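Trainee: Residue 552 is where the sequence shown starts when you use the working numbering, and the numbers rise one by one after that. I'd like to ask you about the structure that follows.
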Amino acid sequence: MTEFTVWAPDAARVRLRLPGAPDREMAADRDGWWRAESPDAGPGTDYAFVLDDDERALPDPRSAWQPHGVHGPSRVYDHAAFDWTDQGWTGRQLPGSILYELHIGTFTPEGTFDAAIDRLDHLVELGVDLIELLPVNAFNGEHNWGYDGVCWYAPHQPYGGPDGLKRLVDAAHAKGLGVILDVVYNHFGPSGAYAPMFAPYLNEQSNTWGRTVNLDGPHSDEVRRYIIDSVLMWLRDYHVDGLRLDAVHAMPDSRATHFLEQVAVEVESLSTHLGRPLSLIAESDLNDPTLITGREAGGYGLHAQWNDDAHHALHTLLTGERQGYYGDFGSLECLSDVLTGAFFHAGTWSSFRNRSHGRPVDRQRTPGHRFVAYLQNHDQIGNRATGDRISATLSPAMLRVGAVLLLTAPFTPMLFMGEEWAASTPWQFFTSHPEPELAVAVATGRKREFAAHGWPPGDVPDPQDPQTFVRSRLDWAELDKAEHREMYDFHRRLIALRKSRPELSDPRLGAVEVRHGDQFLVMRRGECLVVANLADRSQRVNLPGVVRRVLLATSEGVTVMRDGIQLPAESAAIVSL
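Given below as structure tokens:
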């Protein structure tokens, strides 16, 4: 017996549509839920709902499987039927871990969950601990970044559907890798969003991508439940180890208990039951430490947040770029502030926003591992006009300097797929909307956006052009080329060093000491010093102690002296005192 349920509080009539059978009337509860049972509709049965007198067959807002795409019927799926082999998996905590962000569709030529399994040994050898998957819930079309998802319970069928995702997680756990899943709850994508036809999931406010989710208006209890049940499903039924919550600043909530706190409370309860750590990582541009402050101290209790200030401080210093929101960044003083205090904009003036922004972090009480830092990620590459990676701008020598500064900082470091070998492939903005009007609107909007920043329209790739997607695939053959293999080997040695020296992952912001001068920086990490020469000439840098050993250098020619070190141009070294 299968019970079908759907929340449709304003409907006068709801019917269940099954293959080869007349529509079945569903019974209404007083709380707006409609129910029907069928003895013959077991796992694998397609079904849909019909609202009022509109004869359109609509997919289930809580559908676990959309084998025919987001516009097709839903399919009954039994989560208990999968044969898991990870019973001995005890989880992977975020503190001390290294993250690796990847997009299933472009990580391999096949673009599937199963194909990604074949590359897990590469990640184990590299030394990462957690893979972070860009959104995999069902979206319209074949190819997409994933942020246009409309089915918040169903993995994208072209990637491999529900069982495919479970096979990937199971295989990752078998190799000691945890899995973080990027989820988007701040809007529905522009095509295939049928949930708002059933109930008031949206309010009248808007964010960058469309109408915002109803977290504090009438019927918002059930809307919050809809999202939280999705959160718990990924963690419980798919065995993932954490979630990255996309753009939480675009989820306004005026209720006394903030939605993010409610999520944290329920995830903590599930973690206790499962006996393994479950991490919640927010993306937020508010620079507000309240998100990652413990609930007992008045915060929301999330475990970490992405730290764009760390990216901007590194990127601008290394590249010299100052356009747009990079305007306030770029100095050694800026990087020093970030390395010791996490945020650069911490109640200070932001010229890009034309106002003060952010709030200071308590350096003595807030550990640095609550901030995910990166030199590259999907946004910072893909939201450039041509999707060019930083490796297209920097010399290999400066790429190594950037990697050293990232992986010795007191934060949780994250790499973007291919960064470890300085991949030459771009990662561009791509879509595959089948609706002609939507396709034209997306392509035109993209060109208009970058034209305002001085880019000729012909230089901006068409998101709908299949070649834009193809160009964005990783070229694994590059690892057979000497220059890429050398960069990969360097990252592997650097990660191994970070894990062998507790000082290099020490999250205490108050214990980080930074000194800088004429295009050089010295960061003290316990009994280790990280010294970087950003100049195009060799430099002698005085050090606060006698160097016992050079643990790692980005290039040859490092010379240790009694009270200092001579570094070649564009180089860095990690030494022990």
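C-beta atoms are modelled at their ideal positions from N, C-alpha and C, and glycine is treated no differently. Bear in mind the structure is a predicted one, so any value in this text is a computation, not a measurement.
Please classify P1053: is it buried, with 16 or more other beta-carbons within 10 angstroms of its beta-carbon, or exposed?
Mentor: Position 502 of the sequence shown, counted from the first residue, corresponds to residue 1053. By the neighbour-count rule (16 or more Cβ atoms within 10 Å), P1053 is not buried but exposed.
Trainee: Rounded to whole angstroms, what is the Cα-Cα separation between L609 and F600?
Mentor: Working through the sequence shown from its first residue, we reach residue 609 at position 58. Working through the sequence shown from its first residue, we reach residue 600 at position 49. Approximately 5 angstroms, taken between the alpha carbons.
Trainee: Quick check: what's the CA-CA separation for H1067 versus V1073?
Mentor: Within the sequence shown, the letter at position 516 stands for residue 1067. Within the sequence shown, the letter at position 522 stands for residue 1073. C-alpha separation (whole angstroms): 6 angstroms.
Trainee: Ignoring anything shorter than 4 residues, give me the alpha helix (DSSP H) runs that lie fully in the region 743–800, in order along the chain.
Mentor: Correct list: 746–749, 771–788.
Trainee: In its own chain, which residues sit with a C-beta less than 7 angstroms from the C-beta of A1002, not counting the 5 before and 5 after it?
Mentor: Within the sequence shown, numbered from 1, the residue matching residue 1002 stands at position 451. Hits under 7 angstroms: P1008.
Trainee: Straight-line CA distance for F658 to L842?
Mentor: As a first step, residue 658 is located in the sequence shown; it is residue number 107 there, counting from the start. As a first step, residue 842 is located in the sequence shown; it is residue number 291 there, counting from the start. Spanning the two alpha carbons is a distance of roughly 31 angstroms.
Trainee: Going by alpha carbons, who is nearest to E817 out of S835, L1060, L786?
Mentor: One-based indexing of the sequence shown puts residue 817 at position 266. With distances taken between Cα atoms, E817 lies closest to L786.
Trainee: Could you tell me whether the region 848–868 touches the region 922–937, where touching means 3 or more Cβ pairs closer than 8 angstroms?
Mentor: Yes, they touch.
Trainee: Out of N1093, E1000, L1030, E1064, which has the shortest C-alpha to C-alpha gap to T759?
Mentor: For the purposes of this step, residue 759 is taken as residue 208 along the sequence shown, with counting starting at 1. Out of N1093, E1000, L1030, E1064, E1000 has the C-alpha closest to the C-alpha of T759.
Trainee: Going by DSSP, what residue range makes up the alpha helix (DSSP H) through G656?
Mentor: Sequence index remark: in the sequence shown, residue 656 carries index 105 (1-based). Unbroken alpha helix (DSSP H) run through G656: 655–658.
Trainee: Give me the Cα-Cα distance between F1071 and D767, rounded to the nearest whole angstrom.
Mentor: Numbered from its first residue, the sequence shown carries residue 1071 at position 520. Numbered from its first residue, the sequence shown carries residue 767 at position 216. Cα to Cα, F1071 sits roughly 50 angstroms from D767.
Trainee: Looking at L645 and E793, is the spacing between their C-beta atoms short of 8 angstroms?
Mentor: As a working mapping, residue 793 is identified with position 242 in the sequence shown. As a working mapping, residue 645 is identified with position 94 in the sequence shown. The residue you asked about is not Glu; residue 793 is Gly in the sequence shown. Against a cut-off of 8 angstroms, the Cβ pair of L645 and G793 comes out as a contact.
Trainee: For W696 and A705, what's the separation of their Cα atoms in angstroms?
Mentor: Numbered from its first residue, the sequence shown carries residue 696 at position 145. Numbered from its first residue, the sequence shown carries residue 705 at position 154. Between W696 and A705, the C-alpha separation is close to 16 angstroms.
Trainee: Which value, in whole angstroms, describes the spacing of the CA atoms of H630 and V1101?
Mentor: One-based indexing of the sequence shown puts residue 630 at position 79. One-based indexing of the sequence shown puts residue 1101 at position 550. Their Cα atoms are separated by approximately 52 angstroms.
Trainee: Over the uninterrupted beta strand (DSSP E) stretch that includes D721, give me the two end residues.
Mentor: Walking along the sequence shown from the start, residue 721 turns up at place 170. Careful: D721 lies outside any beta strand (DSSP E), inside the alpha helix (DSSP H) at 712–725.
Trainee: Within 10 angstroms of its Cβ, does R643 collect 16 or more other Cβ (buried), or is it exposed?
Mentor: Stepping through the sequence shown from its first residue, residue 643 is reached at position 92. When all chains shown are included, R643 counts as buried.
Trainee: Going straight from the alpha carbon of V1011 to that of A579, what length do you get?
Mentor: If you number the sequence shown from 1, residue 1011 lands on position 460. If you number the sequence shown from 1, residue 579 lands on position 28. The straight-line gap from Cα to Cα measures roughly 51 angstroms.
Trainee: Write down every uninterrupted run of the beta strand (DSSP E) in the region 1091–1119 whose length is 3 residues or greater and which is fully enclosed by it, in chain order.
Mentor: Correct list: 1100–1104, 1110–1112, 1115–1118.
Trainee: If you reduce the DSSP assignment to three classes, tell me which class W585 lands in.
Mentor: The residue labelled residue 585 in the question sits at position 34 within the sequence shown. Strand.
Trainee: Confirm, please, whether the CB-CB distance from T596 to V627 is below 8 angstroms.
Mentor: Numbered from its first residue, the sequence shown carries residue 627 at position 76. Numbered from its first residue, the sequence shown carries residue 596 at position 45. Their beta carbons are under 8 angstroms apart, which means V627 touches T596 by this criterion.
Trainee: Run through DSSP, which three-state label would I731 get?
Mentor: In the sequence shown, the residue the question calls residue 731 occupies position 180. Correct three-state label for I731: strand.
Trainee: Taking 8 angstroms as the threshold (C-beta atoms), are L829 and S822 in contact?
Mentor: As a working mapping, residue 822 is identified with position 271 in the sequence shown. As a working mapping, residue 829 is identified with position 278 in the sequence shown. Their beta carbons are under 8 angstroms apart, which means S822 touches L829 by this criterion.
Trainee: What do you reckon, are the CB atoms on A893 and G919 nearer than 8 angstroms?
Mentor: If you number the sequence shown from 1, residue 893 lands on position 342. If you number the sequence shown from 1, residue 919 lands on position 368. Result yes, Cβ atoms of A893 and G919 sit closer than 8 angstroms.
Trainee: Taking just the CA atoms, how far does F739 sit from L753?
Mentor: In the sequence shown, residue 753 corresponds to position 202, counting from 1. In the sequence shown, residue 739 corresponds to position 188, counting from 1. Each residue's alpha carbon lies about 9 angstroms from the other.
Trainee: Grab me the residues of W857's own chain with a C-beta within less than 6 angstroms of its C-beta, minus the 5 sequence neighbours each way, in chain order.
Mentor: On the sequence shown, position 306 is the one that residue 857 refers to. Closer than 6 angstroms at the Cβ level, and outside the excluded window around W857, lie E834, V923.
Trainee: Where does D597 sit, in a helix, a strand or coil, going by DSSP?
Mentor: Reading the sequence shown from its first residue, position 46 is the one you call residue 597. Residue state, collapsed to three classes: strand.
Trainee: Would you list the residues sitting across from V1073 in a DSSP beta bridge?
Mentor: In the sequence shown, counting from the first residue as 1, residue 1073 sits at position 522. DSSP, once it has assigned bridges, lists R1066, V1082 as partnering V1073.
Trainee: Looking at the unbroken beta strand (DSSP E) that takes in I682, where does it start and where does it end?
Mentor: As a position in the sequence shown, residue 682 is number 131, starting the count at 1. Looking at the DSSP string, the run of the beta strand (DSSP E) that includes I682 is 681–684.
Trainee: Could you spell out where the beta strand (DSSP E) holding I832 opens and where it closes?
Mentor: The count along the sequence shown starts at 1 and reaches residue 832 at position 281. Its beta strand (DSSP E) spans residues 830–833.
Trainee: In whole angstroms, give me the CA-to-CA distance for E676 and A1104.
Mentor: As a position in the sequence shown, residue 676 is number 125, starting the count at 1. As a position in the sequence shown, residue 1104 is number 553, starting the count at 1. The straight-line gap from Cα to Cα measures roughly 21 angstroms.
Trainee: Since I believe T556 is in contact with R586 (beta carbons under 8 angstroms), could you give me their beta-carbon distance rounded to a whole number of angstroms?
Mentor: Sequence index remark: in the sequence shown, residue 586 carries index 35 (1-based). Sequence index remark: in the sequence shown, residue 556 carries index 5 (1-based). Yes, R586 and T556 are in contact; Cβ-Cβ is about 5 angstroms, under 8 angstroms.
Trainee: Considering only the beta carbon of each residue, do V720 and V791 sit closer than 8 angstroms?
Mentor: By 1-based counting over the sequence shown, the position of residue 720 is 169. By 1-based counting over the sequence shown, the position of residue 791 is 240. Cβ distance < 8 angstroms, so V720 and V791 count as in contact.
Trainee: Quick check: what's the CA-CA separation for E1121 versus R806?
Mentor: The residue you call residue 1121 lines up with position 570 of the sequence shown. The residue you call residue 806 lines up with position 255 of the sequence shown. Their backbone Cα atoms lie some 51 angstroms apart in a straight line.
Trainee: Where does R906 land, buried or exposed, given buried means 16+ other C-beta within 10 angstroms?
Mentor: Stepping through the sequence shown from its first residue, residue 906 is reached at position 355. The residue in question, R906, is exposed, as its Cβ has fewer than 16 Cβ neighbours within 10 Å.
Trainee: Excluding the 5 residues preceding and the 5 following G712 in the sequence, name in chain order all residues of the same chain whose CB lies nearer than 7 angstroms to its CB.
Mentor: Here residue 712 refers to the residue found at position 161 of the sequence shown. Only W616, P618, P706 meet the Cβ criterion.
Trainee: Which complete alpha helix (DSSP H) runs does the region 985–1022 hold, if anything under 4 residues is left out?
Mentor: Taking only runs of at least 4 residues, the alpha helix (DSSP H) segments lying wholly in the region 985–1022 are 987–1002, 1017–1022.
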